């Protein structure tokens, strides 16, 4: 979706949870996210990643770890790389995009991405007006990069994409049972 200033009023800075999870709303950006994410192996919590409206105000709300790197700003790459949590992995994907099947790498990345301690957690609830909202406890966990991990299968398949990543990010399969 190209930037069309006339659509900005339809794209609130904080979308309704139901719009991001299922689409079909009057929010064209939410519908785009649902459409694009439906092509990937994403679980509902991972669909809550939100693309920003390109403005100074929305950029100021981005966490520092999601700021684009110089490489992201200067080297053409697939948009999905910009959504990767860790700047080191984003840069490695861009540097290696000619030697790997980026769709396969992103697919395995998405299948390997985990939020620690949130398996079977109720992450949405109904508020007084009946709208679904993200629980504050889950939102706090979701927005802290220390709570995210990447399964060892991704590390084994693409070691050169994670070589600059902190090893504490690696999640072994058996660790999931204790989460």
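Residue numbers (my numbering): 637 to 815. For glycine and all other residues, C-beta sits at the position ideal for the given N, C-alpha and C. Computed from a prediction, not measured in an experiment: that's the story for all the values here.
As a quick exercise: from the options, pick the residue whose alpha carbon is nearest that of residue i.
i: residue 782; options: 764, 791, 804; result: 804
i: residue 748; options: 696, 798, 786, 800; result: 786
i: residue 808; options: 766, 801, 791, 722; result: 791
i: residue 788; options: 771, 802, 780, 773; result: 802
i: residue 780; options: 751, 734, 695; result: 751
i: residue 716; options: 738, 772, 799; result: 738
So, for residue i: in the same chain, excluding its five sequence neighbours on each side, which residues have a beta-carbon less than 6 Å away from its beta-carbon?
i: residue 659; result: 667, 670
i: residue 661; result: 655
i: residue 806; result: 788, 791
Opposite residue i in the DSSP bridges: which residues?
i: residue 806; result: 786
i: residue 761; result: 769
i: residue 751; result: 784
Using a Cβ-Cβ cut-off of 8 Å (strictly less than) and excluding sequence neighbours within five positions of residue i, which residues of its own chain qualify?
i: residue 709; result: none
Hey, would you say residue i sits closer than 8 Å to residue j, going by beta carbons?
i: residue 730; j: residue 746; result: no
i: residue 793; j: residue 721; result: no
i: residue 796; j: residue 728; result: yes
Ordered along the chain, which non-local residues of its own chain (more than five positions away) have a Cβ less than 7 Å from that of residue i?
i: residue 725; result: 797, 798, 801
i: residue 769; result: 653, 760, 761, 763
Taking 8 Å as the threshold, find out whether the stretch 759-771 comes into contact with the stretch 711-718 through three or more Cβ pairs. no
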